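First residue of the sequence shown? That's 354 in my numbering, and the numbers climb one at a time after it.
Don't be surprised by glycine CBs; every beta carbon is placed ideally from N, CA and C.
Predicted model, so just to flag it, every value in this text is computed and none were measured.
A short write-up of the structure that comes next.
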Amino acid sequence: DFTVNHVIEDIEKLNRKAVNPELDVTAVSVHACAYIPGYTILRSGGSFGINYGPIVTSKKDMSLDEIKNSKIAIPGKMTSAFLLLQLMIGKFDHVEMNFSDIPKAVSDGTVDAGLVIHETQLSYEQEGNQKIADVGEWWHKETGGLPVPLGINVMKTSFGMDTIHKFDQYLQSSIEFARENLSDGIDYAMQYSRGKPRDLIEKFVQMYVNDVTVNMGKPGEQSIRKLFEMAKEKQLVPDFELSIAP
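Written out as structure tokens, the structure is:
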């Protein structure tokens with residue numbers, strides 16, 4: 354059996370901890386898998402959008418060409434959102450900041466546009482911003498409907514596949530239990546809500562805790578492989594071998 358000690362950090366900090374590597378099991382951006390060879394991807398607990406995902410926001414309407422030539426705030430260089438937007442529009446001028454600071458940076462004009470993830474995808478209008486590009490919709494069309502690969506859980510490969518599989522099963526069971534007891538699950542999640550209202554957190558959970566979260570299955574695995582196939586082709590990630598739990 355396992356003893357779990359929670360380490361609560363934003364996703365880009367967890368990506369960096371995995372590069373070091375500091376944690377036995379951690380959530381990471383799918384993009385980070387290109388830089389963490391000592392980890393195996395778990396099949397449960399992933400965050401996949403179904404025809405939705407990260408968005409680009411701005412104070413004003415912008416064409417795709419204008420977006421390409423603007424200064425865009427990003428939530429981290431190892432986030433999947435950053436890789437996906439590069440696949441969509443090519444390389445662009447960017448500034449890194451914590452994802453929760455991006456809406457304000459857009460609304461006060463510090464940057465021309467912001468690449469928005471997590472629950473800030475649902476609250477950008479409150480800052481007076483508008484959606485000018487939808488990375489999730491672009492991916493859906495580009496791949497013929499594959500889920501959008503955003504976040505996954507990984508475990509140190511050195512534990513061995515039997516232990517990894519066992520932990521994966523526990524994780525899957527806990528997600529199934531939380532989905533069956535949604536209200537209690539939201540109550541628990543609210544301690545990490547960063548001051549956002551319950552109805553918004555529930556909407557966000559309903560979007561990103563889906564069947565592919567319980568087990569990524571073939572569609573989830575295909576989407577991860579497709580992401581890296583496209584990224585390697587454009588030389589946006591190094592050549593590396595993916596390790597996915599059976």
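DSSP places leucine 499 in the coil class of the three-state scheme, outside both helix and strand. Here valine 469 carries a strand assignment [DSSP, helix/strand/coil]. Contact check between the segment 391 to 401 and the segment 501 to 512: three or more CB pairs, one atom from each, fall below 8 Å, which counts as touching. Contact check for serine 433 against histidine 384 passes: the beta carbons are separated by less than 7 Å. The criterion of a C-beta distance shorter than 7 Å is not satisfied by valine 372 and leucine 437.
With respect to alanine 426, alanine 458 sits close: the two C-beta atoms are nearer than 7 Å. DSSP places lysine 484 outside any alpha helix (DSSP H); the residue lies instead in the beta strand (DSSP E), whose first and last residues are 483 to 487. Residue range 570 to 586 is occupied by the alpha helix (DSSP H) that includes glycine 573.
Inter-segment contact for the segment 511 to 518 and the segment 529 to 536 is absent: fewer than three beta-carbon pairs are separated by less than 8 Å. Cβ atoms of isoleucine 420 and alanine 598 stay farther apart than 8 Å, at about 37 Å. Taken through DSSP and simplified to helix, strand or coil, threonine 432 comes out as coil. Secondary structure at threonine 566: helix, using DSSP grouped into helix, strand and coil. Comparing C-alpha distances from methionine 583 to each of Asp377, Gly443, Thr410 and Asn368 shows the shortest one belongs to Gly443.
According to the DSSP assignment, histidine 447 belongs to the beta strand (DSSP E) that extends over 447 to 449. Counting every other CB atom within 10 Å of its CB across the protein chains shown gives tyrosine 561 a total of 16 or more, marking it as buried.
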